[in-house]
Amino acid sequence: AMLFSGTSNPDLVGKMAEELDMQPGKVRISRFKSGEIYIHYEESVRNADVYLVQSLSHPVNDHLMELLFMVDAARRASARSVTAVLPYFCYARQEKKDAPREPISAKVVADLLHTVGVDRVITLDLHAPAIQGFFHIPVDHLTALDRITEYLSEKRIDHPVVVSPDAGRVKTAEKLASYLDAPFAIMMKRRPAHNEASITHIIGEVKGHTPIIIEDMIDTGGTIVSVVEGLREKGAKQAYVCATHPVFSADAIKKLDNPGIREVVITDTVPVDSSFLNDRFTVLSVA
Ligand code: R5P
6 AMLFSGTSNP DLVGKMAEEL DMQPGKVRIS RFKSGEIYIH YEESVRNADV
56 YLVQSLSHPV NDHLMELLFM VDAARRASAR SVTAVLPYFC YARQEKKDAP
106 REPISAKVVA DLLHTVGVDR VITLDLHAPA IQGFFHIPVD HLTALDRITE
156 YLSEKRIDHP VVVSPDAGRV KTAEKLASYL DAPFAIMMKR RPAHNEASIT
206 HIIGEVKGHT PIIIEDMIDT GGTIVSVVEG LREKGAKQAY VCATHPVFSA
256 DAIKKLDNPG IREVVITDTV PVDSSFLNDR FTVLSVA
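Residues in the sequence shown are numbered consecutively from 6, following UniProt numbering.
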């Protein structure tokens with residue numbers, strides 16, 4: 006097997022290589038002045054099982070194109086198989102039409118990966134697990150929930166309540182609550198506009214409890230902040246905020262500096278410059 010890194014998350018690939026006791030393969034990835042991408046494997050991949058690791062995070066479209074070209078180059082260089090390892094899968098929130106005349110963008114990404122010749126996909130905590138069905142090839146859908154559970158168990162949190170920030174996360178919250186032997190609550194949210202969220206209802210008892218909010222991703226931080234504020238209004242204590250994917254667009258990190266948040270637990274599926282993070286952030290590795 007050979008492991009190659011795209012440009013999106015070399016630190017994670019370094020840790021994976023260490024875990025696997027192997028060296029990442031050599032591939033040149035550069036840009037022409039026009040912005041077009043150039044790929045060249047600098048060692049043979051003939052008959053190799055090639056694993057390409059690329060987080061499809063910001064700049065999403067560039068990272069996606071880079072991956073597609075890496076797959077194509079590996080196929081044309083006679084790799085035996087190509088596995089796309091996607092710690093963060095982009096466009097996962099566009100997995101169905103919410104209104105007429107919209108695309109299903111996550112399906113388009115799956116189709117592109119097929120078209121260029123990916124044999125297998127390994128990914129983590131998909132926004133909507135049904136995206137697995139967009140592929141006709143095996144998808145290994147892994148989760149960071151065990152890492153997060155392990156970390157939280159060691160904290161011995163007083164009167165915890167696991168909180169699902171919306172209806173989509175209920176199953177995950179239920180699992181985490183059962184692992185931690187804690188009750189759980191569900192928030193109902195509305196999206197008045199793109200990247201805006203407001204809480205309409207809370208189901209469950211949160212007063213006097215320490216919320217453990219479990220999310221798939223924090224993007225702009227809008228959802229988390231409205232969830233935290235909704236919980237505070239109902240008399241909850243400072244919350245632990247846990248999310249697999251720290252997408253952290255715009256001023257998300259600043260927004261998370263909220264008095265209702267005790268700690269933010271994230272993973273390294275999306276790279277975050279650690280100099281922006283204070284000691285209220287914990288980054289668990291999924292390597
Ligand atoms: C949406 O349903 C997701 O699970 C996240 O709650 C959401 O996309 C996070 O985005 P933001 O941080 O911008 O509110």
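By construction, the Cβ of each residue, glycine as well, lies at the ideal position given by its N, Cα and C atoms.
Quick caveat: nothing in here was measured; it's all calculated off a predicted structure.
Please check the pair residue i and residue j, which I expect to be a contact at CB under 8 Å, by giving their CB distance rounded to whole angstroms.
{"i": "Thr88", "j": "Tyr56", "result": "5 Å"}
{"i": "His132", "j": "Met222", "result": "7 Å"}
{"i": "Lys194", "j": "Thr228", "result": "7 Å"}
{"i": "Pro170", "j": "Leu129", "result": "Actually they are not in contact, since the Cβ atoms of Pro170 and Leu129 sit about 18 Å apart, beyond 8 Å."}
{"i": "Gln243", "j": "Ile219", "result": "No, Gln243 and Ile219 are not in contact; Cβ-Cβ is about 16 Å, not under 8 Å."}
Give the secondary structure of residue i by DSSP, where H, G and I count as helix, E and B as strand, and everything else as coil.
{"i": "Arg125", "result": "strand"}
{"i": "Asp163", "result": "coil"}
{"i": "Val277", "result": "coil"}
{"i": "Leu261", "result": "coil"}
{"i": "Thr177", "result": "helix"}
{"i": "Asp186", "result": "coil"}
{"i": "Val232", "result": "helix"}
{"i": "Glu24", "result": "helix"}
{"i": "Ser203", "result": "strand"}
{"i": "Ser110", "result": "helix"}
{"i": "Thr154", "result": "helix"}
{"i": "Thr225", "result": "coil"}
{"i": "Arg237", "result": "helix"}
{"i": "Thr148", "result": "coil"}
{"i": "Val252", "result": "coil"}
{"i": "Leu117", "result": "helix"}
{"i": "Ile34", "result": "strand"}
{"i": "Pro216", "result": "strand"}
{"i": "Ala292", "result": "coil"}
{"i": "Ala104", "result": "coil"}
{"i": "Ala172", "result": "helix"}
{"i": "Ala135", "result": "helix"}
For the ligand R5P, I want to know if residue i counts as a neighbour, meaning its beta carbon is within less than 7 Å of at least one of the ligand's heavy atoms.
{"i": "Pro216", "result": "no"}
{"i": "Arg98", "result": "yes"}
{"i": "Ile223", "result": "yes"}
{"i": "His63", "result": "no"}
{"i": "Asn200", "result": "yes"}
{"i": "Thr249", "result": "no"}
{"i": "Asp171", "result": "yes"}
{"i": "His68", "result": "no"}
{"i": "Ile258", "result": "no"}
{"i": "His132", "result": "yes"}
{"i": "Glu234", "result": "no"}
{"i": "Gly122", "result": "no"}
{"i": "Arg36", "result": "no"}
{"i": "Glu107", "result": "no"}
{"i": "Ile271", "result": "no"}
{"i": "Arg195", "result": "no"}
{"i": "Gly227", "result": "yes"}
{"i": "Glu220", "result": "yes"}
{"i": "Val174", "result": "In the sequence as displayed, the identity of residue 174 is Arg instead of Val. Yes, since a heavy atom of the ligand R5P falls inside the 7 Å radius drawn around the Cβ of Arg174."}
Could you pull out every residue in the same chain whose Cβ sits closer than 8 Å to the Cβ of residue i, ignoring the five residues on either side in sequence?
{"i": "Ala22", "result": "Leu8, Gln28, Pro29"}
{"i": "Thr205", "result": "Met193, Lys194, Arg195"}
Take residue i and list the residues in its own chain whose beta-carbon comes closer than 7 Å to its own, dropping the five residues that flank it on each side.
{"i": "Phe37", "result": "Tyr43"}
{"i": "Phe74", "result": "Ile42, Ile44"}
{"i": "Ala97", "result": "Ala111, Leu131, His132, Ala133, Ile136"}
{"i": "Pro165", "result": "Leu185, Ala187, His214, Thr215, Ile217"}
{"i": "Leu117", "result": "Leu73"}
{"i": "Ile208", "result": "Ala190, Ile191"}
{"i": "Asn263", "result": "Val230, Val233"}
I need the boundaries of the alpha helix (DSSP H) containing residue i, first residue and last residue.
{"i": "Arg81", "result": "65 to 81"}
Considering just the uninterrupted stretch of the beta strand (DSSP E) at residue i, what are its terminal residues?
{"i": "Leu282", "result": "Element bounds for Leu282: n/a, residue is neither H nor E."}
{"i": "Ala89", "result": "86 to 91"}
{"i": "Glu41", "result": "From DSSP, Glu41 is part of no beta strand (DSSP E); its letter is neither H nor E."}
{"i": "Ser10", "result": "7 to 10"}
{"i": "Glu100", "result": "Segment: none, Glu100 is in no beta strand (DSSP E) and carries neither H nor E."}
{"i": "Val211", "result": "First-last for Val211: undefined, no H or E at that position."}
{"i": "Tyr56", "result": "54 to 58"}
{"i": "Arg51", "result": "Segment: none, Arg51 is in no beta strand (DSSP E) and carries neither H nor E."}
{"i": "Arg267", "result": "266 to 272"}
Give me, in chain order, the residues of the same chain whose beta-carbon lies closer than 6 Å to that of residue i; leave out the 5 immediate sequence neighbours on both sides.
{"i": "Val65", "result": "Cys95"}
{"i": "Val168", "result": "Ala190, Pro216, Ile218"}
{"i": "Asp54", "result": "Ala6, Arg85, Ser86"}
{"i": "Phe173", "result": "Per the sequence presented here, residue 173 reads as Gly, with Phe not at that position. Taken in chain order, the list of residues that qualify is empty."}
{"i": "Val121", "result": "Leu73, Val76, Asp77"}
Please decide whether residue i counts as near chain D, where near means a Cβ-Cβ distance under 8 Å.
{"i": "Lys259", "result": "Included in the structure is just one protein chain, with no chain D present."}
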